[in-house]
Amino acid sequence: MRGAAGVVVVIGMLAGAIRPALADIYLLRDRKGVLHITNTPVDPGTQLIIRQPPRVFHPAVLTIEPMGPRRQWFPSPGIRLSSRLPPMVVAPPMAASPFDDMIRVIADHYGVEYALVKAVIKAESGFNHLAVSPKGAQGLMQLMPETAAEVRVQDAFTPQDNIEGGVKYLRRLLDRYDGNLALAVAAYNAGPMRVDEVGGIPDIAETREYLARVLRYRLGYLRESAGVREARR
Numbered sequence: 000m001r002g003a004a005g006v007v008v009v010i011g012m013l014a015g016a017i018r019p020a021l022a023d024i025y026l027l028r029d030r031k032g033v034l035h036i037t038n039t040p041v042d043p044g045t046q047l048i049i050r051q052p053p054r055v056f057h058p059a060v061l062t063i064e065p066m067g068p069r070r071q072w073f074p075s076p077g078i079r080l081s082s083r084l085p086p087m088v089v090a091p092p093m094a095a096s097p098f099d100d101m102i103r104v105i106a107d108h109y110g111v112e113y114a115l116v117k118a119v120i121k122a123e124s125g126f127n128h129l130a131v132s133p134k135g136a137q138g139l140m141q142l143m144p145e146t147a148a149e150v151r152v153q154d155a156f157t158p159q160d161n162i163e164g165g166v167k168y169l170r171r172l173l174d175r176y177d178g179n180l181a182l183a184v185a186a187y188n189a190g191p192m193r194v195d196e197v198g199g200i201p202d203i204a205e206t207r208e209y210l211a212r213v214l215r216y217r218l219g220y221l222r223e224s225a226g227v228r229e230a231r232r
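One point on numbering: in numbering that gives the first Met the number 0, the residue at position 69 of the sequence shown is 68, and numbering is uninterrupted.
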């Protein structure tokens, strides 16, 4: 991918009182050609690429931007995260995968962000379509057999079937939590029942680590996509 060399991406997440504007994400290419993604615009050439609609924030709460159609299924009008994310998330350089075109088509079909789907796949299986977890999760998006049956996946080891089933399930979770990306990702790992029980991120070390990892990968893929668009201009 051209235009991605020497890219540094840092998003600071403040643990104190957070204003809604700090959840917006901006893109800036400096005079040296370095591409920055930040939540604090400091240059008139900064371009807004993701906007966080106004929300009511708690001092110890971080809410990730909503995505896709908004349908409120959760009983509480305001869902808070029960744990803080790390104070700084650095997006690592990300590589292309053999499934990128397939991921993009399926993600677009279900209205789920491409970078999020690819981040989940990387965190779940590292793009190994034959992966099987000790608990029996299968394929690229590590679908449990009952989840695969729920979303009508016949062969979890076929990349297209697995991705479509995983994205369909992720779409349901995003709808369930009114587009709250963090809660949807946590529910993908721990199950929606555990998220519903606490009204936020479960106090499970594995889930917290998984959420941080997916968000970090997602930032890398957002940067990747921004670099591709910039190189094609």
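Every residue gets a Cβ at the ideal spot worked out from N, C-alpha and C, and that includes glycine.
Of the residues Asp-202, Gly-164, Val-131, which one's Cα is nearest the Cα of Val-150?
With distances taken between Cα atoms, Val-150 lies closest to Gly-164.
Report the CB separation of Arg-217 from Ala-118 in whole angstroms; it is logged as a contact under 8 Å.
4 Å
Please tell me whether Met-140 and Glu-112 are closer than 8 Å, where the distance is taken between their beta carbons.
no
From which residue to which residue does the alpha helix (DSSP H) around Gly-199 run?
Per DSSP, Gly-199 belongs to no alpha helix (DSSP H) and is neither H nor E.
Following the continuous alpha helix (DSSP H) through Pro-158, name the residue where it begins and the one where it ends.
Segment 158 to 175, the alpha helix (DSSP H) holding Pro-158.
According to DSSP, simplified to helix, strand and coil, what is Ala-148?
helix
I need the DSSP call for Leu-221, collapsed to helix, strand or coil.
Note: Leu-221 maps to helix in three-state DSSP.
Starting from the C-beta of Ala-185, find all residues in its chain whose C-beta is less than 6 Å away, skip the five residues before and the five after it, and write them out in chain order.
Val-194, Ile-200, Thr-206, Leu-210
Consult DSSP for Gly-67 and reduce its assignment to one of helix, strand or coil.
Any reading at Gly-67 must be qualified, since the residue scores a pLDDT of 42, below 50, and its modelled position is unreliable; no value is offered.
Determine the direct distance from the alpha carbon of Glu-196 to that of Val-213, and round the result to whole angstroms.
Distance between the alpha carbons of Val-213 and Glu-196: 22 Å.
Just reading off the alpha helix (DSSP H) that Ala-95 is part of, what are its end residues?
No alpha helix (DSSP H) contains Ala-95, which DSSP labels as neither H nor E.
Would Asn-161 and Leu-182 be called neighbours here (beta carbons separated by less than 8 Å)?
no
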